[in-house]
Amino acid sequence: MSTDQPTLGGRLMGWPPFVRELDATLSVHSQYVLSGNLYDSFLFPNGGETALLPLRELLWEALQSSGVSCMLVYDVVDGLRVFPEDDDAHAAAEKLLGKWDAKPSLEGLTKYLAALARPTEQIRAAFLIEGASRIGASPTDLQPPERDFFRFCEKLSRSARPVRAPGVRPKPFYNPILWLVERPGDLPAWLAAENDAIRELTLPRPHLGDRQVTARLLARAFAADPETDQSAAEACDAFAEQADGLTLQSMIEVTRLAKERNVDLAELPDAVRTYKLGVLDNPWSRGHLRRRVLDGERRVPERVLGQPQAVTKTLDILKRAVLGLSGAQATKSGSRPRGVLFFAGPTGTGKTELAKSITELVFGDDSAYLRFDMSEFSAEGAGDRLIGAPPGYIGHEAGGELTNAVREDPFRVILFDEIEKAHPRILDKFLQILEDGRLTDGRGHTVHFSESILIFTSNLGSATVTPGLGYAEIEHRIKSAISDHFTSTLNRPELLNRLGDNVIVFNFIGAEAASKIFDLQLANICRRVTEEHRLSLAVKSEVMGTLREWCTGELDKGGRGIGMALESHFVNPLARALFELDLPAGTRVTVRSVRREGSIVELELGSTPPDDAEEEP
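Start counting the sequence shown at 1; every next residue gets the next number (UniProt numbering).
Okay, structure coming up:
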């Protein structure tokens, strides 16, 4: 909708480009296919002021200025009507068509189209076919009447006659037939293929300049004058930036919503968030969140052990997200995700645990994050699971797992595990999310990620590092491997650029951290025994020392390796020993010794019967 591009004829300066293109080519094209942003309002110069008009009115204003007397409008629901609804337009339509049927069949419609495209009198008119996408059930599988209708229209496009009439434009031009379709593919491909008589025009969504002009027009609803009031001008610019991805008509609706809620001009960005997300409560604005994040500086390192650099940088990015400063250096950043984190490093070093910690800080529940194992999305078609299958495919009505979840609750921590295993085509979806903060699902609905935190994890570069290397060297090698993967292997350097400095490298866990992880996991096992069987489990210090040595000897496997070793060396033999015993609730069980023969571990258990008091109900 930019207004600064010249047209062939030099008319209608200041109008949207697609209107000027239509106006400039009326003498060479008899039909036009308009697709894209059809249901928006559009800026147009109304004398000395700018106004907003729906598409039908905008087209009429342009065509009327070329000497068109009336515009016939048809859709499958309302039938055939005359626009505008005045005596002169009706008189011109009757002179052109004679008496017409308000609900014509497709065969009857061809007669009216022919009367307009090959008029017997020099009458300038236009024919607007709204909802043309719904004339045929499928553009590739037409019923005979539908096929005959489109065949006729194709032939009519080549046999139309230009009309010569005195007035604004004395040179002859065609009475245009205008098809309004949601997507160009909604009409049979052969209709416009290699057909110079039919021109396709795309109506884009409004850019920032259009939104700024619209915001200033809408400021009148708040009795504000951005031309003289600097604070009002700044509020309008903030409104326009926050409305990225919205239509101008949506901006009108946001303004109406704000007036209904008694929101002033300066608070319109919050009204935009409500309009986009459909929720009134904003967890990011809760006063306690800042205190929780500050408290997290103490609690998170106690949970994610041995990763001081990763924890510190993650909390810095989280603070930035809470303050709404993510991407603040960009020209437009209001629609991008609240926060983006890329966790990289060896397996078992705490990447998933840190993601859970962030979720618990923000939402109070570490299980509230949404996780996708990207190894399940290695096939190109697997992307349909995320955003939904396109129309006509199985599962289309169900929508996508990712888009459905974010539409239901836009305030999310979303974890994409092992992102390098996803198909490159699926990664393109993430590029759109990172850049624009939104995604269109298979059903055509826009889903906004502006209030979400996205976390990607990756094991890229882990094969190039070993325990004992300094953190700086590990960070350098892993970041180099990530850069090489996105630029050379995937040829997606733009995705790496969107991640920016949000790549956080995890170190191998050290001996001290491994010992603490062992203690925590062993305590979890003892607690589970108590919860499941009401047995009190204790482990003698010498047994614990042996198990600690066995389970923390291979630091390259991280915390996950410690867990697997504990399962093999302690949980399995413990389950075997307990299974053979039938101990009453309240019994105190002590692991007295442990021995290993090959891969088989044996535990010696001692038990103390429950006290008499514990046996009483």
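Each residue gets a CB set at the ideal place from its N, CA and C atoms; glycine is no exception.
Secondary structure of residue i, DSSP reduced to three states
| i | result |
| --- | --- |
| residue 457 | strand |
| residue 409 | coil |
| residue 79 | strand |
| residue 623 | Outside the shown range of the chain (1 to 617) lies residue 623, about which nothing can therefore be said. |
| residue 71 | strand |
| residue 269 | helix |
| residue 572 | helix |
| residue 424 | helix |
| residue 90 | helix |
| residue 381 | helix |
| residue 596 | strand |
| residue 449 | coil |
| residue 444 | coil |
| residue 66 | coil |
| residue 189 | helix |
| residue 373 | strand |
| residue 300 | helix |
| residue 12 | coil |
| residue 4 | Residue placement at residue 4 is flagged as unreliable, the pLDDT there being 44, under the threshold of 50; the coordinate-derived value follows with that caveat. Correct three-state label for residue 4: coil. |
| residue 329 | Confidence at residue 329 is low in this model, with a pLDDT of 48, below 50, so its placement is unreliable and the value that follows should be read with caution. Residue 329: coil per DSSP, three-state reduction. |
| residue 542 | helix |
| residue 400 | coil |
| residue 362 | helix |
| residue 98 | coil |
| residue 262 | coil |
| residue 312 | helix |
Option nearest residue i by Cα separation, candidates the options
| i | options | result |
| --- | --- | --- |
| residue 178 | 440, 59, 122 | 59 |
| residue 411 | 448, 138, 385, 422 | 448 |
| residue 77 | 472, 190, 102, 341 | 102 |
| residue 185 | 297, 40, 133, 230 | 133 |
| residue 518 | 191, 123, 303, 39 | 303 |
| residue 14 | 43, 106, 127 | 43 |
| residue 582 | 510, 522, 534 | 534 |
| residue 514 | 366, 350, 592, 605 | 350 |
| residue 496 | 420, 118, 19 | 420 |
| residue 116 | 148, 173, 84 | 173 |
| residue 451 | 433, 473, 476, 371 | 433 |
| residue 591 | 210, 556, 542 | 542 |
| residue 235 | 211, 566, 122 | 211 |
Residues bridged to residue i [DSSP beta-bridge criterion]
| i | result |
| --- | --- |
| residue 179 | 33, 129 |
| residue 21 | Bridge partners of residue 21: none, in fact. |
| residue 234 | According to DSSP, which records beta bridges pairwise, residue 234 is partnered with nothing at all. |
| residue 343 | 457, 504 |
| residue 601 | 596 |
CB contact flag (residue i, residue j, <7 Å)
| i | j | result |
| --- | --- | --- |
| residue 441 | residue 403 | yes |
| residue 400 | residue 386 | yes |
| residue 131 | residue 146 | no |
| residue 335 | residue 468 | no |
| residue 192 | residue 198 | yes |
| residue 82 | residue 91 | no |
| residue 203 | residue 444 | no |
| residue 504 | residue 313 | yes |
| residue 579 | residue 547 | no |
| residue 405 | residue 377 | no |
| residue 359 | residue 311 | no |
| residue 33 | residue 62 | no |
| residue 248 | residue 258 | no |
| residue 125 | residue 96 | yes |
| residue 337 | residue 499 | no |
| residue 346 | residue 508 | yes |
| residue 502 | residue 265 | no |
| residue 317 | residue 383 | no |
Within-7 Å CB hit, residue i to chain B
| i | result |
| --- | --- |
| residue 595 | Absent from the structure: chain B. Only one protein chain is present. |
Residue i classed as buried or exposed, judged by whether at least 16 other C-beta atoms fall within 10 angstroms
| i | result |
| --- | --- |
| residue 609 | exposed |
| residue 343 | buried |
| residue 262 | exposed |
| residue 603 | buried |
| residue 528 | exposed |
| residue 154 | buried |
| residue 600 | exposed |
| residue 323 | exposed |
| residue 40 | buried |
| residue 294 | exposed |
| residue 144 | exposed |
| residue 278 | exposed |
| residue 242 | buried |
Distance cut-off 6 Å: residue i Cβ against heavy atoms of the ligand HEM
| i | result |
| --- | --- |
| residue 160 | Questions concerning the ligand HEM fall outside what the structure shown contains, since it holds no ligand whatsoever. |
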